[in-house]
Structure formats: C-alpha cells, structure tokens
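If you're matching positions, the sequence shown starts at 1 in the numbering used here and goes up one per residue. Just so it is clear, CB atoms sit at the ideal spot from N, CA and C, and this is done for glycine as well. Predicted, not measured: the structure shown is a model, and the values here were computed from it.
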Amino acid sequence: IWQGLLAYVGQNQLRFSTVRRTGVGGSAMPQALIARFADEYQVEVRHGWGMTETTAVATMGTLTPRDLALPREQQHAIVARQGKSVFGVDIKVVDEAGATVPRDGSTQGELMVRGPWIVRDYFKGERSPLQGGWFPTGDIATIDAQGTMQIRDRTKDVIKSGGEWISSIDLESAAVAHPAVAMAAVIGVKHPKWDERPLMFIAPKPGQTVDKEELLAFLADRVAKWWLPDDVVFVDSLPVGGTGKVQKEELRKTHGGVFR
Numbered sequence: 001i002w003q004g005l006l007a008y009v010g011q012n013q014l015r016f017s018t019v020r021r022t023g024v025g026g027s028a029m030p031q032a033l034i035a036r037f038a039d040e041y042q043v044e045v046r047h048g049w050g051m052t053e054t055t056a057v058a059t060m061g062t063l064t065p066r067d068l069a070l071p072r073e074q075q076h077a078i079v080a081r082q083g084k085s086v087f088g089v090d091i092k093v094v095d096e097a098g099a100t101v102p103r104d105g106s107t108q109g110e111l112m113v114r115g116p117w118i119v120r121d122y123f124k125g126e127r128s129p130l131q132g133g134w135f136p137t138g139d140i141a142t143i144d145a146q147g148t149m150q151i152r153d154r155t156k157d158v159i160k161s162g163g164e165w166i167s168s169i170d171l172e173s174a175a176v177a178h179p180a181v182a183m184a185a186v187i188g189v190k191h192p193k194w195d196e197r198p199l200m201f202i203a204p205k206p207g208q209t210v211d212k213e214e215l216l217a218f219l220a221d222r223v224a225k226w227w228l229p230d231d232v233v234f235v236d237s238l239p240v241g242g243t244g245k246v247q248k249e250e251l252r253k254t255h256g257g258v259f260r
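This is the structure in structure tokens:
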C-alpha cells in the first residue's frame, strides 16, 4: 500500500499536507522507503510487528532521544527494525534445537512470543501450538542487547545456502534502494552444490530501466558477496495478494526449479 502511495505521490508531484506519522506492519518496510517518508515528506514511520495469534501488535519500534542525535541513515536503519516488545509480551529467539540464542543483534533463529493474550489453542485443534508456554511464530529474527527485534525472514522463505542462511527480506530491501526499482522479491531455488541459491525478481518503476549487471553491482556494495542472486528476472509486476504481500508461492510455481 505504502509503496503504491509513494509512487503515486511522486508521479503526480504531490505532498502530504496532514500526514505526520504512519504505522507500518504486515511486511517489513524497506529502509529506502522509510528514508523517503522521512527525508522527502517529513513523515515519521513507526515500525511494528504482530500476527493474528498475538491478538494485536507485539512489538513497536520508535526512535529514542539518543537516536535522534545519530546521522539520518543510522536513524532509518533503527526504524527498519520491528522494535521492542510491548507491555505484557515477552520475546526470545531460539535455534533449531530450541536453545535461546544470544541477544547480539546478529545471531538468527525462530522468534518465540508469550503473554496473557497470545493464542494458546486453535479452534478444533488437536493440540496446543505452544512449546513450553511460548508460541513459535515462524519468523526468523534477531534481538540486540537493547531488546530490539528485527525480522530477518519467514522460516519458509529464508534461503539455506551452503549451510548458512540468506535473508530474502534483506536482499529485497537492498534492491528497492535502487532508484529504478519499484518492487523486488527473492526466492530460494534448488542448487546441486549449495542446496539453495537466491533468485531475484525485479519490477522496475514506470519509465525506468535497469539491467542485471547494474543491479548486481549495486547490491555488491550492500550485501555479502555470497548473498548475491544467481540470476535476476525482470517482470512488469509481481503477484500480490489481498493483504499487499508478494505471493512467493506463485513465483515458486513458475521458477522454483533447479539452478544448473
């Protein structure tokens, strides 16, 4: 929704006359989009996270007075995270064995939540989804020493390559920072050597062009070399569902083969 709104505002040379702050969620907002809101339109972004099973918002991010003294790019990076847990909600990140990982901002694992209004059972479900009182969200996340959480991917979308994880969300956020890119999506494609490798889909902005070599060079300054997509597919548009999220299952149906 916000990507489409900003595109419309930019194409028609409009301004926001009354909007001062917006809350975002559903999908992680790319840092480049946050920067446009703040720097071009002076609109503050509040980045949150939640799901049906958490009843409402479970975490919320905002800048502290200390953060406001940082350079603008660093401020945007902070806002791109999903923030700290709200009152009454506890969060932690666990590894594949269920052990809690360090709060160092870099160690990834599955996000777990608990609280009095977190779901305990599903209607007509045979058993509770809780694991030791914690609800497994299916999101891959990190938590830093200040308790700030950042969604890195969905467990079904994270790309496992050579025993390491590649975040499709981080790759997509890096791609949409390119001035010619309107939307980006990344899926993992089977690879005979590395298990999976990233395949990127790019929908350019109207009237703009970008080629594979230019885009990969742009990404090389923003992500690790081994994260770079093995291929880039350019499309007019990406399949989007009713909630505004890219339907990656549709992309997997058409392009989820094996890299040769």
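Within 7 Å, strictly: CB atoms of residue i and residue j
{"i": "R268", "j": "E44", "result": "The requested residue 268 does not occur in the structure, where the chain is confined to residues 1 to 260."}
{"i": "A177", "j": "V246", "result": "no"}
{"i": "R120", "j": "W134", "result": "no"}
{"i": "A141", "j": "R154", "result": "no"}
{"i": "V240", "j": "I202", "result": "no"}
{"i": "R46", "j": "T64", "result": "no"}
{"i": "A224", "j": "K205", "result": "no"}
{"i": "D144", "j": "G109", "result": "no"}
{"i": "T148", "j": "K84", "result": "yes"}
Rounded distance between the beta-carbons of residue j and residue i, thought under 8 Å
{"i": "P229", "j": "L251", "result": "No, P229 and L251 are not in contact; Cβ-Cβ is about 13 Å, not under 8 Å."}
{"i": "L33", "j": "L14", "result": "That pair is no contact at about 17 Å."}
{"i": "I169", "j": "A28", "result": "5 Å"}
{"i": "A69", "j": "Q31", "result": "With a Cβ gap of about 19 Å, A69 and Q31 do not count as contacting."}
{"i": "L111", "j": "D139", "result": "5 Å"}
Three-state class that DSSP yields for residue i in the structure shown
{"i": "A203", "result": "strand"}
{"i": "F37", "result": "helix"}
{"i": "T18", "result": "coil"}
{"i": "W134", "result": "strand"}
{"i": "F123", "result": "coil"}
{"i": "Q150", "result": "strand"}
{"i": "A28", "result": "coil"}
{"i": "V9", "result": "helix"}
Which listed residue (the options) has its alpha carbon closest to that of residue i
{"i": "E196", "options": "E214, V210 and K156", "result": "K156"}
{"i": "H191", "options": "G162, F218 and K212", "result": "G162"}
{"i": "Q208", "options": "Q42, G147 and A180", "result": "A180"}
{"i": "V94", "options": "K84, Q74, P71 and G132", "result": "G132"}
{"i": "T243", "options": "G25, K92, A38 and G147", "result": "G25"}
{"i": "Q11", "options": "L219, L171 and Q3", "result": "Q3"}
{"i": "E172", "options": "S128, R222 and S85", "result": "R222"}
{"i": "L215", "options": "G188, L238 and A175", "result": "A175"}
{"i": "F87", "options": "T54, G257, P71 and A99", "result": "T54"}
{"i": "K160", "options": "W194, T137, K92 and T107", "result": "W194"}
Any chain B beta carbon closer than 7 Å to residue i
{"i": "K205", "result": "The chain labelled as chain B is not found in the depicted structure, where only one protein chain is given."}
Residue i Cβ short of 6 Å to the ligand MG heavy atom set
{"i": "D144", "result": "The ligand content of the structure shown is nil, which means the ligand MG is not present either."}
For this session: Please list the segments of the alpha helix (DSSP H) lying wholly inside the stretch 53-111, counting only runs of 4 or more residues, in order along the chain.
Result: List check, alpha helix (DSSP H) in window: 72-79.
Problem set entry | Complete runs of the beta strand (DSSP E) confined to the stretch 160-212 [at least 3 residues] | 164-166, 181-191 and 195-204, all fully within the stretch 160-212.
Problem set entry | Those runs of the beta strand (DSSP E) which lie wholly inside the stretch 225-253 and span at least 3 residues | As far as the stretch 225-253 is concerned, its whole beta strand (DSSP E) runs of at least 3 residues are 231-234.
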